[in-house]
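Data block below; observations after.
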Amino acid sequence: MQNIITRLAPYGACDVADALLKLKHPAGGFLSGLRLRSPADASTKIIGRAHTVLFRRNSIAQQRKNFKGHYIDTVTPGSILFMSAPAGIPNAIYGGLMTMRARTLGAVGTVVDGRVRDLAEHREQGYPVFSRDLGITAGQEVCYSSEVNVPVPLRSPDQPDVWINPGDLIVGDENGLACIPQSLEEEVARLLPGLVERDRLCMEDLVSGKTAEEVFRTRRGS
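Read in order, the letters of the sequence shown are residues 1 to 222 in my numbering.
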């Protein structure tokens, strides 16, 4: 049997959200406010398991780490680096040098729940980077990387109770990012082919001139 990433690779973030909604997972796994910054190519798509990094404010907690060395050196091949910055800081926590190291270690993309800088460097390397916002100032002035591969919060005011766990599957493209909990990934993979085929048939019907009401009643039962 193909592994789960191979089975999910043909599908985009919207497809995954449709499957997760059918499974009654909140917001279809959408991670709000995170946008594709690099590369400047609308066809960019990423899928991989989350390798999480939690950042803490320098002023709040005595510096402590659950790893040795630099967080970027803990990245594993095929993973997506998911970095959670403290809310409200003006500094960037990720830049072009980190992308070079992540690529070298085999990461397939980086998601920065915070600010990123050095856009040109990420784009020159053709490396996928998503972020909540942009910045120009390095982060060590205000925060530090505290823990790797621990649950991290999504810093979105629209989704205050969402967490990303190490090993969760992240699927991202120009539409945004979806997070698939490990407990639901097999169900998502099972549902996706049928849901995508249903939408293909809906589009075919609409092109032929059928009304949306008729198409949705026939194809979706609604």
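Note that CB positions come from ideal geometry on N, CA and C, so glycine has one too. The structure presented is a predicted model; accordingly, all values stated were derived computationally and were not measured.
Across which residues does DSSP place residue i in a beta bridge pair?
i: Met-83; result: Val-53, Val-112
i: Ile-46; result: Gly-172
i: Val-129; result: Ser-38, Thr-110
i: Ala-92; result: Arg-115
i: Phe-30; result: Ala-178
i: Leu-134; result: Val-116
On the CB-based measure, 16 or more other CB atoms within 10 Å of its CB, does residue i come out buried or exposed?
i: Ala-40; result: exposed
i: Ile-164; result: buried
i: Asp-73; result: exposed
i: Gly-135; result: buried
i: Asp-158; result: exposed
i: Tyr-11; result: buried
i: Gly-28; result: buried
i: Gly-139; result: buried
i: Glu-262; result: Examination of residue 262 is not possible in this model, given that the chain is present from 1 through 222 alone.
i: Met-98; result: buried
Compute the Euclidean distance between the alpha carbons of residue i and residue j, then round it to the nearest angstrom.
i: Ala-17; j: Leu-177; result: 9 angstroms
i: Asn-175; j: Gly-221; result: 26 angstroms
i: Ile-141; j: Arg-56; result: Here residue 141 is Glu; the residue named in the question, Ile, does not match the sequence. Taking the straight line from one Cα to the other gives about 12 angstroms.
i: Ile-80; j: Ala-102; result: 9 angstroms
i: Tyr-241; j: Ser-38; result: The structure shown has nothing for residue 241, since the chain only spans 1 to 222.
i: Ala-189; j: Thr-52; result: 23 angstroms
i: Ser-183; j: Leu-23; result: 11 angstroms
i: Glu-121; j: Gly-96; result: 5 angstroms
i: Pro-26; j: Pro-160; result: 12 angstroms
i: Arg-123; j: Ser-84; result: 22 angstroms
i: Lys-68; j: Tyr-144; result: 13 angstroms
i: Gly-106; j: Val-75; result: 8 angstroms
Compare the beta carbon distance of residue i and residue j with 8 angstroms and say whether it is the shorter of the two.
i: Ile-180; j: Gly-48; result: no
i: Ile-89; j: Gly-109; result: no
i: Ala-13; j: Gly-172; result: yes
i: Leu-154; j: Leu-8; result: no
i: Val-112; j: Arg-132; result: yes
i: Leu-201; j: Ala-19; result: no
i: Thr-137; j: Ala-92; result: yes
i: Leu-34; j: Thr-44; result: no
i: Ser-146; j: Lys-65; result: yes
Exercise. Which ranges does the alpha helix (DSSP H) cover as unbroken runs of at least 4 residues, wholly within the region 136-217, from first to last along the chain?
Worked result: Entirely contained in the region 136-217, the alpha helix (DSSP H) runs reaching 4 residues are, in chain order, 185-207, 212-215.
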